[in-house]
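Below you'll find the structure, written out as structure tokens, and then a few comments.
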Amino acid sequence: MIGLIADQLRLFFKDLLNNATSFSVLSDGSQARKTGCEKELIYIRIVHSGKPLHFCVALQDMDKYGAANAENLKLAIDDVFIKQLAITEAAYRDGLVSASADGASVNTGAYTGLLVRLKETRQWLVTIHCISHRIELAIKDSLLNTKVNKTASEIRDFLITLFYLFKKSPKISRHLKCTGDALEAQTFKFKKVHGTRGDIVSHEIDFLVSRTLSKIEDMEQDYDDAALDDVLAYANFKLEGTVLKQTVIVLCLQQLSGTSGIL
Numbered sequence: 001m002i003g004l005i006a007d008q009l010r011l012f013f014k015d016l017l018n019n020a021t022s023f024s025v026l027s028d029g030s031q032a033r034k035t036g037c038e039k040e041l042i043y044i045r046i047v048h049s050g051k052p053l054h055f056c057v058a059l060q061d062m063d064k065y066g067a068a069n070a071e072n073l074k075l076a077i078d079d080v081f082i083k084q085l086a087i088t089e090a091a092y093r094d095g096l097v098s099a100s101a102d103g104a105s106v107n108t109g110a111y112t113g114l115l116v117r118l119k120e121t122r123q124w125l126v127t128i129h130c131i132s133h134r135i136e137l138a139i140k141d142s143l144l145n146t147k148v149n150k151t152a153s154e155i156r157d158f159l160i161t162l163f164y165l166f167k168k169s170p171k172i173s174r175h176l177k178c179t180g181d182a183l184e185a186q187t188f189k190f191k192k193v194h195g196t197r198g199d200i201v202s203h204e205i206d207f208l209v210s211r212t213l214s215k216i217e218d219m220e221q222d223y224d225d226a227a228l229d230d231v232l233a234y235a236n237f238k239l240e241g242t243v244l245k246q247t248v249i250v251l252c253l254q255q256l257s258g259t260s261g262i263l
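When the letters of the sequence shown are read in order and numbered with full-length UniProt numbering, they come out as residues 1 to 263.
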């Protein structure tokens with residue numbers, strides 16, 4: 001049943017694109033947490049009966065193309081229109097007037113990025129660095145590059161170091177768990193707290209407020225102050241106030257970019 005519905009949608013998109021004077025492509029990639037498979041989501045933006053419409057036309061499995069580099073991304077997008085939707089190469093080449101992606105170098109690289117490759121056969125193509133992604137990057141830089149956020153930035157860098165340390169070394173993770181079991185102490189897995197996606201930033205803030213700061217304050221009761229001077233410097237009202245202020249900003253940003261940052 002699902003296959004039949006998908007076939008009908010492809011026919012609808014084919015007819016829509018073949019009769020359109022122009023259309024835009026929007027793409028965004030993501031990696032599945034459990035399988036590690038790289039997926040590329042392909043949208044089209046088109047004007048139909050005087051109304052601008054957005055459609056998700058494909059979710060490409062990049063593992064079928066090899067590495068998720070610019071060359072293979074272009075090939076995956078080309079296949080969506082030429083093979084899956086079966087529109088003519090001329091209609092695809094001449095109808096595509098704009099392409100948008102986030103600011104990763106694989107997309108916006110000046111010489112070999114995805115957008116540059118799409119423009120090689122259509123010099124009129126308007127390439128756009130996703131507006132929501134640019135806003136997210138600007139807000140991120142403005143928050144992290146101020147003096148009041150220096151302490152928060154230091155904690156963030158420390159958590160990033162721990163994340164990659166335990167991610168790349170299962171042995172260290174196993175030893176940490178064994179040590180915790182031996183001491184009858186709770187251990188937890190360090191999660192990703194960096195990036196510009198709203199859900200990741202929200203998790204970072206929640207991690208700082210509900211876990212890191214509370215654990216630092218608990219440590220004060222068990223160890224000598226002299227041994228914790230550097231660590232306890234993080235447990236102060238100024239830092240917590242800064243983190244909570246960032247929470248408000250992130251909540252506003254989430255309204256702009258939804259889940260993936262595509263506009």
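Glycine residues also receive a C-beta, built at the ideal position from the N, C-alpha and C atoms.
Tell me the rounded alpha-carbon separation between K119 and D63.
The residue labelled residue 119 in the question sits at position 119 within the sequence shown. The residue labelled residue 63 in the question sits at position 63 within the sequence shown. So the two alpha carbons sit approximately 24 Å from each other.
Across which residues does DSSP place L59 in a beta bridge pair?
Indexing the sequence shown from 1 puts residue 59 at position 59. DSSP output for L59 lists L41 as bridge partner(s).
Go ahead and label N72 buried or exposed: buried means 16 or more other beta carbons lie within 10 angstroms of its beta carbon, across all protein chains shown.
Locating residue 72 in the sequence shown gives position 72, counting from the first residue. N72 is buried by the Cβ-count criterion.
Out of curiosity, what's the CA-to-CA distance linking S169 and R93?
Sequence index remark: in the sequence shown, residue 169 carries index 169 (1-based). Sequence index remark: in the sequence shown, residue 93 carries index 93 (1-based). Roughly 47 Å separates the two Cα atoms.
Alpha-carbon to alpha-carbon, I5 and I87:
In the sequence shown, the residue the question calls residue 87 occupies position 87. In the sequence shown, the residue the question calls residue 5 occupies position 5. Taking the straight line joining both Cα atoms gives about 19 Å.
Alpha carbon to alpha carbon, what distance is there between F55 and I139?
Numbered from its first residue, the sequence shown carries residue 139 at position 139. Numbered from its first residue, the sequence shown carries residue 55 at position 55. If I take the Cα positions, the gap works out to 29 Å.
How close, in whole Å, do the beta carbons of A91 and N18 come, if the pair is a contact with beta carbons under 8 Å?
Sequence index remark: in the sequence shown, residue 91 carries index 91 (1-based). Sequence index remark: in the sequence shown, residue 18 carries index 18 (1-based). Yes, A91 and N18 are in contact; Cβ-Cβ is about 6 Å, under 8 Å.
With a floor of 4 residues, list each alpha helix (DSSP H) that falls wholly inside the stretch 73-129, ordered by position along the chain.
89-95, 105-108 and 114-119
Pairwise C-alpha distance: L59 and I216
Here residue 216 is taken as the residue at index 216 of the sequence shown, counted from 1. Here residue 59 is taken as the residue at index 59 of the sequence shown, counted from 1. With a pLDDT of 49 at I216, under the threshold of 50, the predicted position of this residue should be treated as unreliable, and no value is reported.
Starting from F13, trace the alpha helix (DSSP H) in both directions and tell me its first and last residue.
Reading the sequence shown from its first residue, position 13 is the one you call residue 13. F13 -> alpha helix (DSSP H) spans I2 to N18.
Measure the CB-CB distance between A101 and D28 and report whether it falls below 8 Å.
Translated into positions along the sequence shown, residue 101 becomes position 101. Translated into positions along the sequence shown, residue 28 becomes position 28. A contact, by the Cβ cut-off of 8 Å.
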